[in-house]
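Protein chains: 2
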Amino acid sequence: MKNLIYTLLFVTAVSWSQTTDEHMLKQIYKTALTDVNCYYWLDDLSNKIGHRLSGSDGAEKAVLYTKTQLEKLGLDRVYLQEVMVPKWVRGAQEVAYAEVGKTKTSFPICALGLSVATPKNGLKASIIEVKSLEELKVLGEEKVRGKIVFFNRPMNPEYIETFHAYGSCVDQRSSGAREAGLLGALGVIVRSMNLRLDDLPHTGMTNYKDTPLEQRIPAAAISTNGAELLSKMLKDNPNLQFYFNQSCETFPDVKSYNVIGEIKGTEHPERIMVVGGHLDSWDLGDGSQDDGAGCVQSMSVLEIFKKLHYKPKNTIRVVLFMNEENGVKGGLRYGELASASKENHIFAMESDSGGFSPRGFSIESDDESYAKIAGWKNLFEPYLIHIFERGHSGTDIGPIQSEKIVKVGLHPDSQRYFDYHHAANDTFDSVNKRELELGTATMASLMYLFDTYFK
Amino acid sequence: MKNLIYTLLFVTAVSWSQTTDEHMLKQIYKTALTDVNCYYWLDDLSNKIGHRLSGSDGAEKAVLYTKTQLEKLGLDRVYLQEVMVPKWVRGAQEVAYAEVGKTKTSFPICALGLSVATPKNGLKASIIEVKSLEELKVLGEEKVRGKIVFFNRPMNPEYIETFHAYGSCVDQRSSGAREAGLLGALGVIVRSMNLRLDDLPHTGMTNYKDTPLEQRIPAAAISTNGAELLSKMLKDNPNLQFYFNQSCETFPDVKSYNVIGEIKGTEHPERIMVVGGHLDSWDLGDGSQDDGAGCVQSMSVLEIFKKLHYKPKNTIRVVLFMNEENGVKGGLRYGELASASKENHIFAMESDSGGFSPRGFSIESDDESYAKIAGWKNLFEPYLIHIFERGHSGTDIGPIQSEKIVKVGLHPDSQRYFDYHHAANDTFDSVNKRELELGTATMASLMYLFDTYFK
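Residue numbers (my numbering), protein chains in the order written: chain A, 11 to 465; chain B, 11 to 465.
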């Protein structure tokens, strides 16, 4: 009989909390779809401020703008965290053409982030096409020296998730210039990381690592249509001359900031749950998808909690990280200071995969925490959230070191992401208001559940 | 022992078929993502032919174009099925403004499909705002006679699926003119069925039912921004005069066609499995989402089977239905002829919810068939297909009457659909190639499974 009573009590408690949670998620989604500012903040960031490359005026304006908006939410604390960031400037519009006899064919290119410039009058040389870093190494110095190397391995369309295609392709962009430089190449042209055939070059960081400055060779991305055409031309004219000119420049590091806002926990203010995105962007579009969306979604998580008068047990902190794109200095600084002050981070979530329809979560945690989160799947079903997979959470939250921390990345639909990623069309019009808002609701819901059930 | 052997045989058979099915779905998705024509067909339909309103030149060109493309696939039979369809023509660009004193404020409007014209010089009258048909009826003839009625109930953003918001809002558009006309109104202006605030009016059919021609009043849609502005102006100036002018005209019905292609079943050629979309569109954009996408996806289902040399047991038939938008004459004709010739349809699938990332299926069937289909859910998991819900399948396949037929609608992500639906921005650039292809793979996979396991 006693057992029966306990069982009944337990069942009652479970259904009560299930109902409470269902109700709370419903309120969260309703608020997100009818009463939050994320879309309007994104409009301002994108259309009033524009791109936010680290060290740019836009980045500094974005720091002040988001700080002001967070202050308006009536949080318990809003502050800036200083961090030194790279300042790389693209310079004049890049120029590229292939020369066959007297005919010049122009190509849309853009300097890769942190690339060095070409000589002032540009660089002209033979160009050799490879599909991979391995193929480059097989060619060796003899065939590479004095040439421009053209990396032209397309993203593999067979992957269902486009991020897998990106991951298995981006080594050309990140390491191509370093590896080709070691073999005496003069420059590097990389096929844009874009599954679609179009005319937009997509930038992104190239990493010279410890290559001495004077040995660094210039690197640019070429549009996917451009890459197809250049490859075709090379088949017909293997000796064609390729010319490109870019005047990008790296200046000394400058001071910038992570932007931080908090709702203090009522029971465990010392336990911290972070939600964030990165405030910097590349300089070609206005960074609406990457990662304006993630920033405003994270801000709206706290906005939703304030609007619902939800008092979290643990401290909920939004962090807008500076400089994810070309250095992750903001993420590193945040992690370093958190460790130094022995902050206890129990949870961190990042949204940095675009503002598309949310599908689920990518989770980094121990088995127990994973099982707990996956156990909430049914609560998310009415909101069409179905992916609870283990995998990479986010670059900026990577350096947070707390023991047993659970890290989560929002997982939106990925099909369109690389149409816009790091390109001139990453602009406000590519973001759908509802998709953005559903993302913020999905993030807030998981934060609520974790806050409620963390022990 | 005998039981054990049976069990082992059964388990072996189940795992063998599971592996075979997994392999087949992998091949289907791979083919769709790398080697089908649906996106290029859609480019032609949208950019070379343009809109395909029933009775228009575009509709007739689309019939010939898709028939030719189906013939190139090497199907067993390609043919046209005659059907008489309405011919409604929009006429000159519509004009609308509100007049307060001497100030005129213009509004973007478009005539609703099948609407009558205003008098030649337009219609000017007081305008009265209501939120619903019920509110209109409460106002009654006394307050409505001689006025223009402005239906301004927004789609409810709280629904997660936008089709639910549409379904609970569209009565204003479909019945508003009929109901207002009965109360002596002179015309009707309806807020566009669009969750987004923008400047595009969205057309769609208005249904006068048996209202005598001379008693029909003209009806137009106004953009959502326009509706917001007009509502605000009416609060300040309840007596403002509203003017609109549209010259749309209905001609006698004309001959058109459903376009049909078949792969004959190897075991049961008499059993028919249909896959289709509707070839007609509205006339404002080029109908890429509604429903060019569904047509080319359906065509590519058969293309995939041909490319994989898959020989279906049952006959697989693609049907591109004419005239879904303003009459469903193609669907009705197809159903009528199927009944008359006692064709045995075991399955019908329609794609008419846009070319966005596929999420699952909306299924109309008996419990047993539903359970069977839902049992394949795990096979679809690698492709992020997770919705197996009971619900409306498709308008064109509705009239097919075979006993125990299973009807399925492809269920894509719905968040962006009503941004484009029936508006001038329903154009090719709104469709993402991969999303379209994933849709066709999802359709082909379910067709394959049903064909394989139907008994």
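In this text, a Cβ means the ideal position worked out from N, Cα and C, and glycines have one as well.
Small disclaimer: the values here were computed from a predicted structure and weren't measured.
In the pairwise beta carbon analysis, the segment 235-244 of chain A is classified as not touching the segment 32-43 of chain A: fewer than three pairs are separated by under 8 angstroms. The beta carbon of Gly197(A) is closer than 6 angstroms to those of Leu133, Ile158, Ile227 and Pro228 in its chain, skipping five residues each way along the sequence. Contact note: Lys40(B) reaches chain A through Glu168, using a C-beta cutoff of 8 angstroms and chain order. When the five nearest sequence neighbours on each side are left out, the beta carbons in the same chain lying within less than 8 angstroms of the beta carbon of Asn354(A) are those of Glu280, Arg281, Ile282 and Ser412, in order along the chain. Put simply, the backbone Cα of Pro422(B) is about 43 angstroms away from that of Arg188(A). Take Leu193(B), set aside five residues on each side of it, and the residues of its chain with a beta-carbon closer than 6 angstroms to its own are Glu151 and Val154, in chain order. In terms of beta-carbon proximity, Ser367(A) lines the interface with chain B, with at least one pair separated by less than 7 angstroms. Considering only Asp53(A), Asp301(A) and Leu124(A), the residue with the shortest C-alpha distance to Cys258(A) is Leu124(A). With its beta carbon at least 7 angstroms from every one in chain B, His174(A) lies outside the interface. The shortest CA-to-CA distance from Leu143(A) to any of Ser178(A), Thr115(A) and Thr128(A) is the one to Ser178(A). Contact of Gln425(A) with chain B by beta-carbon distance below 8 angstroms involves Ser367, Asn442, Arg444, Glu445 and Leu448.
Of all residues in the segment 81-115 of chain A, none has a C-beta nearer than 7 angstroms to a C-beta of chain B. If you ignore the 5 residues before and after Asp406(B), its C-beta comes within less than 8 angstroms of the C-beta of Gly286, Gly287, His288, Val329, Phe331, Glu334, Val338, Gly340, Gly341, Tyr344, Glu360 and Asp362, all in its own chain and listed in chain order. Taken atom to atom, the span from the alpha-carbon of Leu456(B) to that of Ser379(B) is near 13 angstroms. For a Cβ distance threshold of 7 angstroms, residue set Lys443 of chain B lies close to Arg206(A), ordered along the chain.
DSSP places Asn268(B) in the strand class (E or B) of the three-state scheme. Between the segment 28-35 of chain B and the segment 246-265 of chain B there are fewer than three C-beta pairs closer than 8 angstroms, too few to call the two in contact. One Cα belongs to Tyr463(A), the other to Ala358(A), and the distance between them is close to 15 angstroms. The residue among Val416(A), Gly214(A) and Val110(A) with its C-alpha nearest the C-alpha of Lys245(A) is Val110(A). Shortest Cα-Cα distance from Asp86(A) to any of Glu272(A), Arg327(A) and Gln425(A) involves Glu272(A).
As a beta-bridge residue in DSSP terms, Leu90(A) pairs with Val269(A). Restricting attention to Lys82(B), Arg444(B), Glu277(B) and Asp301(B), the CA atom closest to the CA of His431(B) is found in Asp301(B). Taking 7 angstroms as the threshold, the shortest C-beta distance from Leu43(A) to chain B falls below it. In this structure Ala121(A) does not touch Ala195(A) by the C-beta definition: roughly 16 angstroms separates them, more than the 8 angstroms allowed. Distances from the alpha-carbon of Asn217(B) to those of Arg201(B), Asp181(B) and Leu250(B) put Asp181(B) closest.
With a contact defined as Cβ atoms closer than 8 angstroms, Ile373(A) and Glu399(A) qualify at about 7 angstroms.
Separation of the CB atoms of Asn162(A) and Ser241(A) is rounded to 6 angstroms, and the pair is thereby assigned contact status at 8 angstroms.
His396(A) belongs to the set of residues whose beta carbon lies under 7 angstroms from a beta carbon in chain B. Taking CB atoms only, Tyr393(A) has a neighbour in chain B less than 7 angstroms away. Taking C-beta atoms as the reference points, Glu313(A) and Val46(A) count as a pair closer than 7 angstroms. Between the alpha carbons of Met309(A) and Pro222(A) lies a distance of about 41 angstroms. The segment 388-457 of chain B contains, as complete alpha helix (DSSP H) runs of 4+ residues, the segments 427-430 (chain order). Looking at the DSSP output, Met283(B) bridges to Ile326(B) and Phe357(B). Listed by position along chain A, the residues whose Cβ is nearer than 8 angstroms to that of Asp429(B) are Asn442. Taking C-beta separations shorter than 7 angstroms and ignoring five residues to either side along the sequence, the partners of Gly408(B) in its chain run Gly341, following chain order.
No residue range can be given for Tyr218(B), since it is assigned to no alpha helix (DSSP H) and is classified by DSSP as neither H nor E.
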